[in-house]
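Chemist: Please read through the structure below; I'll follow up with questions.
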Amino acid sequence: MHRRPTATRSTRRLSVLALGLAAGGLFIFALPAAADCDQRAEREARIALDGARSIEILARAGDLSVRPGDGDAVEATGTACASKASTLQGIQLTATRRGDAVRVEVEIPETRGWRDHASLDLVVDVPPDVPVAITDSSGDIELRGITVASIEDSSGDIEGRDLLGDFRVADSSGDVELYALDGSVELTDSSGDLEIEGARGSVVVHADSSGDIEIEDVLGSVTVHADSSGDIDVARVVGDFVVERDGSGSISHREVGGRIDIPTD
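The number in our numbering is simply the position in the sequence shown, starting from 1, with 77 added.
Structure, rendered in structure tokens:
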């Protein structure tokens, strides 16, 4: 599968934040989000797993990286970023125990106006065999070598590799790229491209509003319940390939071992 070139995090974070008015025309230029980060501080939290059966991460604004850690503990570190000192003080990182679950939570105060900025870029090390449920409001998500239960993301790209277990993804906007999955995955996606390469289980796309879907090397079946727009390309699927409803865009498939059921024009 041809992988699209991706921008670096710094270039992706350009935001149109200023308008310059000059004689003869209006100029719009981009300022990096880092320009709003006049205040920075490190945050950290650690908690022993102590028999907990699941991990919850509430990340909110900022990039998130979750990776396998050593030992029987959850360790979170992050860099808080704010436009002013009073906002920075309100950005906190906590790790607590709730029943059988360990919760890592980012607290970010409400901001006012486009000049007021608050975020926390977060790295969380977790035991690789404990399921992790992730809720994120904005920023990119990067996952490596962990067991995933669920991902709920409002905006930003998601990239996961060498993920264990069966899990679901609910994504509002941004690309989703998943590689080398040990189980099955279910996805609901509003906008952005969807790319899956390598899954030992099945792939189910419940709904996709816009963006291309590329799926290959699946040992189970591939099912798309509803796709509004964008191309669908599937290759090397051992099981069935089924598309129930498709709005616009082409559907192509290669090397499907099971039943093929796609809409006809």
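Cβ atoms here follow ideal geometry from the backbone N, Cα and C, with glycine treated the same way.
Would arginine 180 be called buried (16 or more neighbouring beta carbons within 10 Å of its own) or exposed?
Modeler: Result: buried.
Chemist: Output the distance between the C-alpha atoms of phenylalanine 318 and valine 299, rounded to the nearest integer angstrom.
Modeler: Their Cα atoms are separated by approximately 5 angstroms.
Chemist: Got a sec? Which residues, its chain only, sit under 8 angstroms from aspartate 115 by beta carbon, not counting five neighbours each side?
Modeler: Correct list, in chain order: Ala159, Ser160, Lys161.
Chemist: Taking arginine 221 as the reference, which of Gly324, Asp239, Ser249 has the closest Cα?
Modeler: When each option's Cα is compared against that of arginine 221, the closest is Asp239.
Chemist: Whether or not the stretch 162-171 and the stretch 240-249 are in contact is what I'm after, with contact meaning three or more pairs of Cβ atoms, one per stretch, closer than 8 angstroms; do they touch?
Modeler: No, the stretch 240-249 does not touch the stretch 162-171.
Chemist: Tell me which residues share the same chain as serine 306 and place their Cβ nearer than 6 angstroms to its Cβ, disregarding the 5 neighbours each side in the sequence.
Modeler: Only Ser287, Gly324, Ser325, Gly326 meet the Cβ criterion.
Chemist: Comparing alpha-carbon positions, which option in Ala226, Glu291, Ile337 lies nearest serine 261?
Modeler: Out of Ala226, Glu291, Ile337, Ala226 has the C-alpha closest to the C-alpha of serine 261.
Chemist: Is it buried or exposed for alanine 125, if we count other Cβ within 10 angstroms and need 16 for buried?
Modeler: When all chains shown are included, alanine 125 counts as exposed.
Chemist: Going by beta carbon distance, what residues of the same chain come within less than 6 angstroms of leucine 296, once the five residues before and after it are set aside?
Modeler: Cβ neighbours of leucine 296 beyond the five flanking positions: Arg277, Val315.
Chemist: Along the chain, where does the beta strand (DSSP E) containing threonine 188 start, and where does it finish?
Modeler: Premise fails: threonine 188 is in no beta strand (DSSP E) and is neither H nor E.
Chemist: What's the call for glutamate 321, buried or exposed, on a 16-neighbour Cβ count within 10 Å?
Modeler: The residue is exposed, with fewer than 16 neighbouring Cβ atoms inside 10 Å.
Chemist: From the DSSP output, in three-state form, read off alanine 343 for me.
Modeler: Look at the range of the chain in this structure, 78 to 342, and you will see that residue 343 is not part of it.
Chemist: Quick one: Cα of aspartate 294 to Cα of alanine 118, how far?
Modeler: Roughly 43 angstroms separates the two Cα atoms.
Chemist: With DSSP as the reference, identify every bridge partner of valine 295, one or two as the case may be.
Modeler: Note: valine 295 sits in a beta bridge opposite Ala276, Val314.
Chemist: Rounded to whole angstroms, how far is the Cβ of alanine 153 from the Cβ of leucine 199, which I believe are closer than 8 angstroms?
Modeler: That belief holds up - the Cβ atoms of alanine 153 and leucine 199 are roughly 6 angstroms apart, short of 8 angstroms.
Chemist: Let me check one thing: in DSSP terms, what residues is leucine 165 bridge-paired to?
Modeler: Looking at the DSSP assignment, leucine 165 forms no beta bridge with any residue, so it has no partner.
Chemist: Can you give me the C-alpha to C-alpha distance between glycine 237 and alanine 284, rounded to a whole angstrom?
Modeler: Going by the C-alpha atoms only, they are around 20 angstroms apart.
Chemist: Under the DSSP definition of a beta bridge, which residues are partnered with arginine 174?
Modeler: Arginine 174 is bridged to Val179.
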